[in-house]
Each structure stands twice: as C-alpha cells, then as structure tokens.
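Asker: Following this message is one structure expressed as structure tokens.
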Amino acid sequence: MNDNYHVFTDGRLERHNDTIRLVTEDGEKKYLPIENAEALFLHGQIDYNTRLVSFLNDVGVAIHVFGWNDYYAGSIMPERGQTSGQTLVEQVRAYDDSTRRRAIARQFIEGSIHNMRANVKYYDDRGYDFDAIIDRLEAQAESLSDEMDTNELMGVEATARKAYYSIFDDVLPDGFDFGGRQYNPPDNEVNSLISFGNSLVYANVVSAIRATALDPAVSFLHEPGERRYSLALDIADLFKPLLADRIIFRVVNRNQLQLDDFESDLNGCLLNENGRKTFSKAFEESLEQTVDHPRLNRKVSYQYLLRVEVYKLKKHLLTGEEYVPFKRWW
Amino acid sequence: MTESRTDNSEDPVEKLLRSARDEAVNDPFHVTGVMMQYYEVCERELWFASRHLEIDRDNTAVVRGTQVDESAYDDKRRNVSIDGTIAIDVLDDGRVMEVKPSSSLIKPAKLQLLYYLWYLDQVVGVEREGVLAHPTERKRETVALTDENTRWVEEAIRGIYDVTTSDSPPPAEEKPFCESCAYHDFCWSC
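Chains as they are written, first to last, in the working numbering: chain C, 1 to 330; chain Y, 331 to 520.
Rendered as structure tokens:
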C-alpha cells in the first residue's frame, strides 16, 4: 500500500469498474494497480472527473499534481481519515510558544546539516577531499543555539547549504555545471534536477503528514504559509540529501541521465519526459530501499522513514518527549 | 502513578460512580471496557488511547481482533449499550460474555469483563455472572465478582484515573505484546 505511480503522458485518467485507467491521446489504455497505490503523481496534462476523485477518495489514494517547470502544483487528498482536535491544539500551542518553536526549528536544522554532512562524507571517503566543507558544516552545526530565532536558524541553514552545494560541481561530471542554486526557473540541468527531486520529496512528505492528524500548514521553521504546506517544507529539508541529492549524483554519474534528457530554452532548463521518467523511477526505487531501524527493530523503507518522522514530531507535541530529528545513521 | 492524590480530591472510584449515576457532574470521569484492557496491558497505550491518538488500522492484530469480535457467536448474543459508556454482550441466559481472539491476553480480557460485572452491580444494580470465551480455541471460562476481583477492578479504576489525568505518558517499556500493538511505531519512533 505504498507505491507511487507517476503519469508523464498527456491524456485522461478515469475510473473503470474498480480500478483506474489511463487513456493516452492516441487511444492507448493502461490500467493502474490501485490496490497497492499510495499516491498518483501527475506530470502531464491530465483530464479527470469527479467520479475518479470519489473513487480515489474511497480507496485512500492521493493525487499530487506537478505543473509548469515541474513545480508542485497541489494535491487532491482523500478525505481525512485521521482527525484529532487535541493534536491540532497541541501543534498550534507549540508553534505559539517561542521557546518550544525555536527548539523544534533548531532540531530540523541540526538534522538537515547532519544529513548534508553524510553526503559530503560519503564522497570524501571516495577520493574527494572535502575536509574543508565538512569543517564548515560542523561549524554551522555547532553554532546552533536555543536562543536563535527562526530567521537566525534559517541563516545558519543557508550558510551550511551553500557549503554543501559547493561539492556538486566536483562530484558531477563535466557538462553538468551547477554554479549554485537557482530556481524560478532552474537555469541549468543540475538545478532542474534539484527542483524536481525536491518537489518529489515534498509531495511524499505531504502524504506522510496526511496519514496522521497533524495539520500540514502549521510549521515551526518555515513560517506557516497561506498556500503551501509549510510543515512539509520543514520535514522535507531533513530528507532532501538522502532522497533527492543522492539520486541526482547516482543517476548522473552512472550516465542514466544525460544532457539530452533535458530541454533548455529562454525560460531555463527542464527535464524532458524521458528524463523525468528516468529520475522518477530511480526516486521510487530509492523510496523502496530499506534500512534496519534500531528502535522499531525491523527493516523500514526510506518512504516509511517519512511517516516515522511525522510520528516523532507528533509524539513530541503531544507528550513533551524529546523530538530527535532524522539523522542518517547508516 | 506513585504520587498520591491531594487530600481534597475525590477517590476516582467514587468519582466514577457519581458521574455514572448522575449526569450533572462537572468534569465526569468515564472508564470504558477497553480502557481496563489497556491499563492491564500497557499504561502508555492507555494514555495514547485516552488522547484519542489514531491507531494504525492496517495493523494485522487490529484487523484480526475486529473480525473475531464481529463474527463469533453471532446468533446467541445481544449487544447492549449501557449509559453510552460500556457496551456488553449478553447471552440468552443473561450472562455477560467477553470474546477474545486469543487466550494470550487473558488477564486484560478478564479485567474488562469484571469491570462490566462491577458496573452492572454498582451502577445498574443487577448481579450477573460472566463468561470469557475464546472462539478460536473453543474455550470458555466462568468469571464472578468476588471480593478480591472487586478490589482488582477498583484499584484499576484508580490507576486509570492517574494515567489518563497525567500530562505525559509513562515511558515506553518493552513488553511481549509490543510488536502487535497498534501504537507500536508511534510509541517507539524516536
């Protein structure tokens, strides 16, 4: 019950008896095994009707829509199975208490820096000399304090991320020139991969949050947004190095993605359909990868780690037990 | 749970009886049958349940328990709800029955059944015998409200009061049932 299905072509999604089928523009029909699905990711221009939405609601499957420039455009979530007024009250209380809010926000940054460092360390151990970057990341982690407000914390994160991104040009092959983060729109292949990878992480976090009674709009590090699910932004940051960046390095360094998998125009650079397929496939494979979880005492998938993270936060909010952010431990 | 209540606070057993007999009590204290089970199995689970934390509906043990409860002895029992607080199954002969999918959690099931008998006796004013049944093992056991069992129920009521009115749950404790608990991942995530 945790497979994501990505649709890249244009066409029409419809309910057909008790399953979902995709009718492409040339009339080809494909059936999606909905009983195993967690969410559908729509990347192409897709028509659908309310009958489809009702059916997906019945089977508890979400739709995540990606629009122009591969940006996340929104979700159609199943009606909430989980609601808990008490959970929401505690979540808002923690947000409203600046001491508690800072403590949680700080944990998100600490985890993010740790996970960036894990990626840098991985390549440092494989022939690159990234000692200076590791030092810079550690210095940022050590500079964190409980007195910092969210703006200061964001500043620490930005400095760390800048140092972290500086390894991309070394690790990626010639032709994949990064030169720093640009979005709105991404200006080169690497930036377009980061944008696409990050939005896939984000959408999966949205699903994970919705599986609990936490409200996705009440966040701690990011300001609660009017339109975006800002709690998903908070949590996604922890997982971007593991779920997005490592896949970027892998697919590019293994030549699974090449420069002709992108299309550039005046408006920036984007993956083409084939590139998106390749990347999404690698991304889904990564979500299914498992790791021994020492506390849960079993193997869990990377995707389930997102759910566990939401549980941890919720548990902290409701019980006061310490929230320890996801820090890659393997 | 070791902290004693302040002198002016009421004994939870009295508090429960007053709110069960008199709808107008401020801050009523209710105990459901399943709270008795949770208390006996795991106080942390009781605390989570008292905060209406969602359980994992896909958990196999939860699915199995619901199925056994819904299908067993269907023709010979009637489900009766009393005061909107407790829901009991009454057999044709008037005995109260509690059905459990397995005998591994016998003590909690027994405490739950005893609580129903205690409630019927103390609140409704009828004395009944109980039957603890394990349909999958074709076993039945008769349960009666002895003095000792009454003390067990009343101590559990006090314990439940302490756990559910506490601001934080008791710490996680590894128990043989942890793996099949619907709160497992929530409880042990860290």
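Note that the Cβ used here is the ideal one computed from N, Cα and C, for glycine as well.
Fair warning: this is a prediction, and the values are worked out from it, not measured in the lab.
#1: Less than 7 Å between C-beta atoms, sequence neighbours within five positions excluded: which residues of the same chain meet that for residue 508 of chain Y?
#2: Using the C-alpha atoms, what's the distance from residue 133 of chain C back to residue 146 of chain C?
#3: For residue 266 of chain C, does the three-state DSSP call read helix, strand or coil?
#4: Could you tell me whether any Cβ in chain A is nearer than 8 Å to the Cβ of residue 464 of chain Y?
#5: Rounded to whole angstroms, what is the Cα-Cα separation between residue 121 of chain C and residue 112 of chain C?
#6: Assign residue 45 of chain C to one of two classes, buried (16 or more other C-beta atoms within 10 Å of its C-beta) or exposed (fewer than that).
#7: Using a Cβ distance threshold of 8 Å, determine whether the segment 197 to 209 of chain C contacts the segment 306 to 314 of chain C, with at least three qualifying pairs required.
#8: Put residue 74 of chain C into one of helix, strand or coil per three-state DSSP.
#9: What residues in its chain sit with their C-beta under 7 Å from that of residue 6 of chain C, if we drop five residues either side in the sequence?
#10: Residue range of the alpha helix (DSSP H) that residue 419 of chain Y falls in?
#11: Residues of chain C with CB under 7 Å from residue 372 of chain Y, in chain order?
#12: If we define contact as Cβ-Cβ less than 8 Å, is residue 27 of chain C a contact residue for chain Y?
#13: Between the Cα of residue 322 of chain C and those of C/86, C/74, C/101, spot the shortest distance and give me the residue it belongs to.
#14: For residue 483 of chain Y, count neighbouring C-beta atoms within 10 Å of its own C-beta (all shown protein chains included) and say buried if the count is 16 or more, exposed if not.
#15: Does residue 319 of chain C get closer than 8 Å to chain Y when you measure Cβ to Cβ?
#16: In chain order, what residues of the same chain have a beta carbon less than 7 Å from the beta carbon of residue 348 of chain Y, not counting five sequence neighbours either side?
#17: Spell out whether any CB of chain C is found under 8 Å from the CB atom of residue 382 of chain Y.
#18: Would you tell me roughly how many angstroms separate the C-alpha atoms of residue 233 of chain C and residue 496 of chain Y, rounded to the nearest one?
#19: At a Cβ cut of 7 Å, what residues of the segment 285 to 312 of chain C count as close to chain Y, listed as they run along the chain?
#20: Residue 331 of chain Y to residue 412 of chain Y, Cα distance in whole Å?
#21: Between residue 325 of chain C and residue 468 of chain Y, what straight-line distance do the alpha-carbon atoms span, to the nearest angstrom?
#22: Quick one, which of Y/352, Y/511, Y/359, Y/367 has its alpha-carbon nearest residue 437 of chain Y's?
#23: Distance cutoff 8 Å, beta carbons only. Does residue 207 of chain C sit that close to anything in chain Y?
#24: For residue 360 of chain Y, which of helix, strand or coil comes out of DSSP?
#25: Quick one: give me the first and last residue of the beta strand (DSSP E) that residue 7 of chain C is part of.
#26: Could you check where the beta strand (DSSP E) with residue 65 of chain C kicks off and where it finishes?
#27: Should residue 499 of chain Y be flagged as near chain C, meaning a C-beta pair shorter than 8 Å?
#28: How long is the line joining the alpha carbons of residue 343 of chain Y and residue 376 of chain Y, rounded to whole angstroms?
#29: Look up residue 469 of chain Y in the DSSP assignment and give the residues it is bridged to.
#30: Considering only the alpha carbon of each residue, which of C/30, C/85, C/13 lies closest to residue 54 of chain C?
#31: What I want to know is whether the C-beta of residue 110 of chain C ends up closer than 7 Å to one or more non-hydrogen atoms of the ligand GDP.
#32: So, is the C-beta of residue 359 of chain Y closer than 8 Å to a C-beta in chain C?
#33: For chain Y, is any of its Cβ atoms less than 8 Å away from the one on residue 327 of chain C?
#34: Return no unless some Cβ of chain Y is closer than 8 Å to the Cβ of residue 324 of chain C.
#35: Does residue 331 of chain Y have its Cβ less than 8 Å from a Cβ in chain C?
#36: How many Å lie between residue 461 of chain Y and residue 225 of chain C at the Cα?
Answerer: According to the structure data:
#1: Closer than 7 Å at the Cβ level, and outside the excluded window around residue 508 of chain Y, lie 514.
#2: Distance between the alpha carbons of residue 146 of chain C and residue 133 of chain C is about 24 Å.
#3: DSSP places residue 266 of chain C in the coil class of the three-state scheme, outside both helix and strand.
#4: Among the protein chains of the structure shown, namely C and Y, there is no chain A.
#5: So the alpha carbons of these two residues sit roughly 14 Å apart.
#6: Counting Cβ neighbours within 10 Å, residue 45 of chain C comes out exposed, since fewer than 16 surround it.
#7: With a cut-off of 8 Å on Cβ pairs, the segment 197 to 209 of chain C is in contact with the segment 306 to 314 of chain C, counting three or more such pairs.
#8: In the structure shown, the three-state DSSP call for residue 74 of chain C is strand.
#9: Answer for residue 6 of chain C: 41, 43, 280, listed in chain order.
#10: DSSP places residue 419 of chain Y in no alpha helix (DSSP H) but in the uninterrupted beta strand (DSSP E) bounded by 416 to 421.
#11: None at all; the shortest Cβ gap to chain C is about 15 Å.
#12: With a threshold of 8 Å between beta carbons, residue 27 of chain C makes no contact with chain Y.
#13: The candidate whose alpha carbon is nearest that of residue 322 of chain C is C/101.
#14: When all chains shown are included, residue 483 of chain Y counts as buried.
#15: Taking a beta-carbon distance threshold of 8 Å, residue 319 of chain C counts as an interface residue toward chain Y.
#16: Within the same chain, and ignoring the five residues on either side of residue 348 of chain Y in sequence, the residues whose Cβ sits closer than 7 Å to its Cβ are 355.
#17: Taking Cβ atoms only, chain C reaches closer than 8 Å to residue 382 of chain Y, which makes this a yes.
#18: Between residue 233 of chain C and residue 496 of chain Y, the C-alpha separation is close to 33 Å.
#19: In summary, the residues of the segment 285 to 312 of chain C whose CB is separated from some CB of chain Y by less than 7 Å are 295, 296, 308, 311, 312, in the order they occur in the chain.
#20: Confidence in residue 331 of chain Y is poor, its pLDDT being 46 and thus under 50, which makes the residue's placement unreliable; the coordinate value appears in the next sentence. When rounded, the distance between both Cα atoms is 29 Å.
#21: Approximately 48 Å between the Cα atoms of the pair.
#22: Of the listed residues, the one whose Cα sits closest to residue 437 of chain Y is Y/367.
#23: Closer than 8 Å to the CB of residue 207 of chain C there is not a single CB belonging to chain Y.
#24: In the three-state DSSP reduction, residue 360 of chain Y falls in the coil class, being neither helix nor strand.
#25: First-last of the beta strand (DSSP E) with residue 7 of chain C: 3 to 7.
#26: 62 to 66 is the extent of the beta strand (DSSP E) around residue 65 of chain C.
#27: Yes, residue 499 of chain Y lies at the interface with chain C (some Cβ there is under 8 Å from its Cβ).
#28: One C-alpha to the other measures close to 18 Å.
#29: Answer is Y/464, bridged to residue 469 of chain Y.
#30: Nearest to residue 54 of chain C by C-alpha distance, out of C/30, C/85, C/13, is C/13.
#31: Among the ligands in the structure shown, none appear at all, so the ligand GDP cannot be discussed.
#32: No, because no Cβ of chain C sits closer than 8 Å to the Cβ of residue 359 of chain Y.
#33: Using beta-carbon distances, residue 327 of chain C does not count as an interface residue toward chain Y, since no partner is under 8 Å.
#34: So, interface residue.
#35: The predicted model places residue 331 of chain Y with a pLDDT of 46, which falls under 50 and marks its position as unreliable, so this point remains unresolved.
#36: Between the C-alpha atoms of residue 461 of chain Y and residue 225 of chain C there is a straight-line separation of about 56 Å.
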